[in-house]
Amino acid sequence: MKKPIVIFGAGGFGREVLQLIDDINEGQPTWHCVGFIVDASYDDKSTIHGLSILGDTEWLVSNPDIHVVVAVGSSSARWRITNLIKTKCKNKFATLVHPRAWIGKKVEIGCGSIICAGALITTDIIIGEHVHVNIGSTIGHDTIIYDYVTLNPGVNISGNVVLHKGVEMGTGSIAIPRCKIGEWSTIGAGSVILKSIKDNSVAVGVPSRVIKEMTFNWYK
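Written out as structure tokens, the structure reads:
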């Protein structure tokens, strides 16, 4: 019997997650997608691929037995949304792994995380909660990825890397071995990280350099 699920987020990544769910169901019928949940300020009530926008978190409060997955690309927005759901609702978070992602046996994946098609994740890796690993991204051995990290498409993480909570890695960015990227830092698209980055930094370039330091708790 398929488990009911709703997708929080009606943008492009929300539609990609709907496709991911369809692909999972092709191999093993697992999920029945009921529709989309959005922020209260969202004013477009149209359907998406035949599925309705059901409402905001109040809908989840009234439907506590339905799983939810947060398909919002921004790490900071995802943090705020999941904390709102945890505070107001009793719904369980779904963890979604695309059947065409390659994942080693010694990989831990936390609740609410999404692993997209083409991801390559090798061995002895810890992935936290509500992490997004987008299409075509790779993660090497002995890497630790904390909660709310976002790997955009084509990110390459070498072995022995630590990505702390809330890090966003831009499309096509690279981190070489033994680098540590501090909490809530943002790495620009195509950047190459050759040395560790401290918390709340914005780094860009090849090799990367810090161009901005954000205030503590900027993401809240």
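Numbering (my numbering), first residue to last: 55 to 274.
Yeah, the Cβ is synthetic: ideal placement off N, Cα and C, and Gly gets one too.
Which listed residue (the options) has its alpha carbon closest to that of residue i
i, options, result
"Leu108", "Gly259, Trp272 and Ile61", "Ile61"
"Glu222", "Ile120, Val185 and Ser212", "Val185"
"Lys160", "Pro83, Ile235 and Ile193", "Ile193"
"Val151", "Val115, Leu174, Ala94 and Arg132", "Leu174"
"Val260", "Trp272, Lys234, Ile228 and Val187", "Ile228"
"Thr248", "Lys234, Ile168, Asn254 and Val256", "Rather than Thr, the amino acid found at residue 248 in this sequence is Leu. When only C-alpha atoms are compared, the closest one is Lys234."
"Phe270", "Val258, Gly236, Ala257 and Ile241", "Gly236"
"Pro133", "Val264, Ile230 and Gly220", "First, the amino acid is wrong: residue 133 is Trp here, not Pro. Checked all of Val264, Ile230 and Gly220; the closest Cα to Trp133 is Gly220."
"Ser191", "Ile168, Asp178 and Asp201", "Ile168"
"Ala155", "Val187, Thr136 and Val92", "Val187"
"Trp272", "Gly63, Ala131, Ser95 and Val123", "Ala131"
"Asn214", "Val122, Ile189, Thr177 and Asn206", "Thr177"
"Asn145", "Leu138, His121 and Ser129", "His121"
"Ile102", "Lys274, Val258, Ala64 and Met55", "Ala64"
"Lys274", "Arg232, Pro207 and Asn254", "Asn254"
Per DSSP, cross-strand counterpart(s) of residue i
i, result
"Ala173", "None, per the DSSP bridge assignment."
"Phe147", "Val122"
"Leu74", "Looking at the DSSP assignment, Leu74 forms no beta bridge with any residue, so it has no partner."
"Pro58", "His86"
"Leu217", "Ile199 and Ile235"
"Trp156", "Leu174"
"Ala229", "Ile211 and Ile247"
"Thr240", "Glu222 and Val256"
"Thr192", "Leu174 and Asn210"
"Thr204", "His186 and Glu222"
"Leu105", "Ile102"
Endpoints, the beta strand (DSSP E) within which residue i is located
i, result
"Gly182", "Segment: none, Gly182 is in no beta strand (DSSP E) and carries neither H nor E."
"Ser255", "Ser255 to Val258"
"Ile163", "Val161 to Ile163"
"Ile265", "Arg263 to Glu267"
Nearest-angstrom Cβ-Cβ length linking residue i and residue j, presumed shorter than 8 Å
i, j, result
"Ser262", "Ser245", "4 Å"
"Ile180", "Ile199", "7 Å"
"Gly164", "Asp196", "So it is not a contact: roughly 17 Å between Cβ atoms."
Alpha helix (DSSP H) segment containing residue i, residue limits
i, result
"Arg132", "Ser129 to Lys142"
"Leu114", "Thr111 to Ser116"
Proximity below 9 Å, CB of residue i to CB of residue j
i, j, result
"Ala148", "Trp85", "yes"
"Gly166", "Glu183", "yes"
"Phe90", "Gly104", "no"
"Val209", "Thr225", "yes"
"Pro58", "Val88", "yes"
"Val115", "Lys140", "no"
"Asp93", "Asp110", "yes"
"Ile240", "Val216", "Here residue 240 is Thr; the residue named in the question, Ile, does not match the sequence. Their beta carbons are not under 9 Å apart, which means Thr240 does not touch Val216 by this criterion."
"Pro153", "Gly81", "yes"
Any non-hydrogen atom of the ligand SAM closer than 8 Å to residue i Cβ
i, result
"Leu105", "Absence of the ligand SAM is noted for the structure shown, with no ligands found whatsoever."
Min CB distance residue i to chain B below 9 Å
i, result
"Trp238", "The structure shown contains no chain B, having only a single protein chain."
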